[in-house]
Structure formats: C-alpha cells, structure tokens
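Below is one structure, written out as structure tokens; comments come after it.
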Amino acid sequence: MTPVLYSFRRCPYAMRARWALAVSGVQVELREVLLKDKPQEMLMASPKATVPVLVDTDGTVIDESLDIMLWALRQRDPAQWLEPESGSLGEMLDLIGKCDGEFKFNLDRYKYPERHSGANAIKHRDAAADFIGLLNVRLAIHTHLSGGTMGLADAAIAPFVRQFAQTDSTWFNRQAWPNLQQWLRSLTALTMFNDVMQRPNRWRPGDLPAYFPALANA
Ligand SMILES: N[C@@H](CCC(=O)N[C@@H](CS)C(=O)NCC(=O)O)C(=O)O
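In terms of the working numbering, the sequence shown opens at residue 108 and continues consecutively.
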C-alpha cells in the first residue's frame with residue numbers, strides 16, 4: 108500500500124508538498140484533481156476541501172501542506188532540509204508563518220484584486236514587497252534562506268514568491284532584489300522543481316496508480 112496525495116499542479120501549497128516528497132524520496136500515489144470538480148474520495152477524507160491532502164496507509168489524513176512536508180522529511184531527510192546550517196527549525200517555521208500569513212494575504216489581493224472586493228492591487232503589492240525585501244536581505248548573507256544549501260524554508264516559500272514574481276514579471280525584474288531574484292531563478296531551474304511541475308493527467312477512480320516521485324529504477 109502506498110499513501111495517496113490529492114494534489115493540483117499549479118497550487119503553491121501542493122507544489123511545496125510535492126517538493127518535500129521529491130527530495131525525501133517518500134513515495135505517494137499522486138491523484139491530480141480539478142479544484143472545480145474535486146473527487147468524492149478527497150472530500151470524504153478532508154471536508155475542508157483544500158489541496159494538498161495526504162491519506163496515509165493507516166487512514167491518517169494530513170491536510171495542511173506544511174504538515175505533509177514535515178511528515179515526509181521526518182521519515183527521510185537525505186538533503187537535511189530540517190537541519191538548517193544557520194538558525195533553527197523553529198526559526199524556519201516562523202519565516203514560513205510570515206509567508207503563509209501576511210505575505211499570502213497581500214499576494215492574493217495583488218494577484219486577484221477583483222476577488223477581494225476591488226482591493227487596491229498596488230497597495231497590496233507594496234505591502235507584500237516588504238517580505239520580499241526581508242528575504243533579499245537574508246539572501247545577501249547565504250545563498251539560501253537558512254544557509255548555503257536548500258532547506259525547508261526555501262521550498263515552502265519559493266512557490267509563493269514565484270507567484271508574486273509572475274503577477275507582473277516586468278515590474279518584478281526591475282526591482283533591486285538581486286539576491287532574491289537569483290535565488291528564485293536557481294530554485295526554479297532545478298531538475299527537481301521540473302519534476303515537481305510535471306503535468307499529470309487528471310485522476311479518475313479506477314485509474315492505474317501514478318507514483319510520485321517516480322522511482323529512479325522504475
Ligand atoms: N493551509 C492549506 C491551504 C491550502 C489551499 O488553500 N489550497 C488551495 C489551492 S492553492 C485550495 O485548495 N483552495 C480550495 C479551492 O480552490 O477550492 C495548506 O497549507 O495546505
């Protein structure tokens with residue numbers, strides 16, 4: 108039996124969960140869903156109805172992306188994502204909390220002002236930019252958010268910074284955040300990120316299982 112992950116390719120929360128699975132090598136059966144037409148199997152496991160959702164072999168359900176990352180990395184952590192070179196795991200979790208809290212709030216209103224009763228996109232872009240500036244300062248010290256190699260915080264935060272960058276890439280590229288821009292370019296150029304962003308077919312009950320990450324010798 109293999110744990111099941113309900114996922115949506117373009118969701119930044121699902122991306123970071125897949126990234127941790129990819130680096131840990133903990134394999135799941137990947138079920139790609141449509142947010143507009145979520146399968147009953149997923150809704151029964153997690154009525155909260157957000158992706159990603161992990162259903163473990165013993166039936167345990169984990170429906171928060173960060174918890175899925177920790178679940179995978181606590182089983183296998185060959186790249187030591189949970190052992191930052193600089194700072195502590197607690198400090199990484201605090202930084203991720205800032206991303207998921209205030210930064211995500213402003214990102215949503217910058218990206219989709221029409222979905223938030225006509226929020227002022229520029230005001231929210233500039234508020235979100237405070238967090239980007241903070242990351243840029245951290246990245247002047249090390250190439251990654253918690254040292255010289257990639258860790259949990261990089262994978263947990265980069266999918267959201269990528270969304271921020273893509274909202275108006277011309278504007279983003281003009282900003283003076285050289286360390287942050289380089290960090291984002293290098294992370295998204297990784298082969299592993301490419302694997303995380305593979306386009307799966309939509310899952311339907313009865314399909315043959317699609318495993319993620321793919322086994323090297325499969
Ligand atoms: N806190 C959750 C948030 C997950 C989340 O909000 N995912 C979005 C997609 S990116 C979702 O499923 N939204 C419900 C919907 O669009 O129907 C986590 O970290 O897993």
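No residue lacks a Cβ here, since even glycine has one placed at the ideal position from N, Cα and C.
* To do: Give the secondary structure of T164 by DSSP, where H, G and I count as helix, E and B as strand, and everything else as coil.
  => Here residue 164 refers to the residue found at position 57 when the sequence shown is read from its first residue. Residue state, collapsed to three classes: coil.
* Completely contained beta strand (DSSP E) runs for the segment 141-196, where each covers 3 or more residues -> Whole beta strand (DSSP E) segments, 3+ residues: 160-162.
* Assuming A247 and L202 make a contact with CB atoms under 8 Å, what is their CB distance in whole Å? -> Sequence index remark: in the sequence shown, residue 247 carries index 140 (1-based). Sequence index remark: in the sequence shown, residue 202 carries index 95 (1-based). About 15 Å separates the two Cβ atoms, so there is no contact after all.
* Enumerate, from N- to C-terminal direction, the unbroken alpha helix (DSSP H) stretches of 4 or more residues contained entirely within the segment 269-300. => Runs of the alpha helix (DSSP H) spanning 4 or more residues and lying entirely within the segment 269-300 occur at 276-281, 285-295, in chain order.
* Secondary structure of E232, DSSP reduced to three states -> Residue mapping note: residue 232 aligns to position 125 of the sequence shown, counting from 1. According to the sequence provided, residue 232 is Arg. The question's Glu does not apply to it. Look at R232 here: in three-state DSSP terms it is helix.
* With L137 and S114 assumed to form a contact (beta carbons below 8 Å), what rounded beta-carbon distance in angstroms separates them? -> Within the sequence shown, numbered from 1, the residue matching residue 137 stands at position 30. Within the sequence shown, numbered from 1, the residue matching residue 114 stands at position 7. So it is a contact: roughly 6 Å between Cβ atoms.
* Asked: How long is the line joining the alpha carbons of V111 and A152, rounded to whole angstroms?
  -> Reading the sequence shown from its first residue, position 4 is the one you call residue 111. Reading the sequence shown from its first residue, position 45 is the one you call residue 152. Near 11 Å, if we compare the C-alpha coordinates of A152 and V111.
* To do: Go to L137, then tell me how far its beta strand (DSSP E) extends in each direction, as first and last residue.
  => Position 30 of the sequence shown, counted from the start, is the residue given in the question as residue 137. Start and end: 135-139.
* Of the listed residues T256, L161, F212, N227, nearest to F238 (C-alpha basis) -> Position 131 of the sequence shown holds residue 238. Comparing Cα-Cα distances from F238 to each of T256, L161, F212, N227, the minimum goes to F212.
* With 8 Å set as the bound, which would you pick, yes or no: does the beta-carbon of N286 sit closer than that to a beta-carbon of chain B? -> Absent from the structure: chain B. Only one protein chain is present.
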